Amino acid sequence: MADSVITSWPVILNRSLENSDIHRLLMQYHKVRVTDTTGHGVIIFPLSSVAFMIMPLDQVLTENQEKHLINEDTIERIHKLNQLHRKAYVILVAAFMGPEQIKAWTALQSRFLGTSSRFIPAHSAKECFECMMTISKVTSKPMVGVIQERMKRLQESTINDNIVLGALATIGLSNHGILWLKACLLTMELFPHSLSPSILLNQEEL
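The opening residue of the sequence shown carries number 110 in our numbering; numbering runs sequentially from there.
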């Protein structure tokens, strides 16, 4: 979900999306520049170095000799997007996900399997906007550093917990006792000496 208060960023929007619902949503929060130099349906967030291509799912397939094939123009546009942008996402928009839309989605996934292509479903302009805002925010330089630091701390905390639990198990403490001990640690920090060793032993006998 997009934050209620969003920092105003520069956004480059292809003229094919001018005056669209997505354009209007972006203009509420950002400085949008409309251009003809980018690909059809492309929106770029320069501060995050991320690009999005808005593509109606109904335009993906074409009929050829009674077979549903991916439109060649669609394939070329996606390839070009990936060549020009290291971080690129194709947002496939469909108000309703019926059999035809699922068929188009599956065809795209199969066609670009093993490539760097990333596909995201959306049902409306609002979902497209929220998706772009979330990705742009978490891939911006300040936020990337924050996320990496938090993930590092989480990993270290998990490793430390596993080491402690493993040590407790080796001295004969049962799983029930270990779980109970973990639940009591916070209480012990808040109220020192409120849990005596005898309580732990009595709990272990239960």
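The beta-carbon is built from N, C-alpha and C at its ideal position, and this holds for glycine as well. Predicted, not measured: the structure shown is a model, and the values here were computed from it.
Per-residue burial, residue i [other beta carbons within 10 Å of its own, 16 or more giving buried]
{"i": "V247", "result": "exposed"}
{"i": "Y198", "result": "buried"}
{"i": "S245", "result": "buried"}
{"i": "L193", "result": "exposed"}
{"i": "G207", "result": "exposed"}
{"i": "M136", "result": "exposed"}
{"i": "Q218", "result": "exposed"}
Proximity below 8 Å, CB of residue i to CB of residue j
{"i": "M164", "j": "I200", "result": "yes"}
{"i": "R140", "j": "P119", "result": "Correcting the residue type first, residue 140 is Lys in the shown sequence and not Arg. Yes; because the gap between Cβ atoms is below 8 Å, this pair is in contact."}
{"i": "S158", "j": "A234", "result": "no"}
{"i": "K212", "j": "L178", "result": "no"}
{"i": "P203", "j": "D167", "result": "It should be noted that the sequence gives Ala, not Pro, for residue 203. Closer than 8 Å, so yes."}
{"i": "D190", "j": "I152", "result": "For clarity, residue 190 is Leu in the given sequence; the question names Asp instead. The answer is no: Cβ separation not under 8 Å."}
{"i": "F238", "j": "L134", "result": "yes"}
{"i": "N180", "j": "H149", "result": "no"}
Presumed contact (8 Å Cβ cut-off) between residue i and residue j, rounded CB distance
{"i": "F161", "j": "I187", "result": "That belief does not hold up - the Cβ atoms of F161 and I187 are roughly 12 Å apart, past 8 Å."}
{"i": "T147", "j": "I121", "result": "6 Å"}
task = May I have a chain-ordered list of the alpha helix (DSSP H) segments no shorter than 4 residues that lie completely inside the region 171 to 232?
result = With a minimum length of 4 residues, the continuous alpha helix (DSSP H) runs that stay inside the region 171 to 232 are 181 to 193 and 208 to 220.
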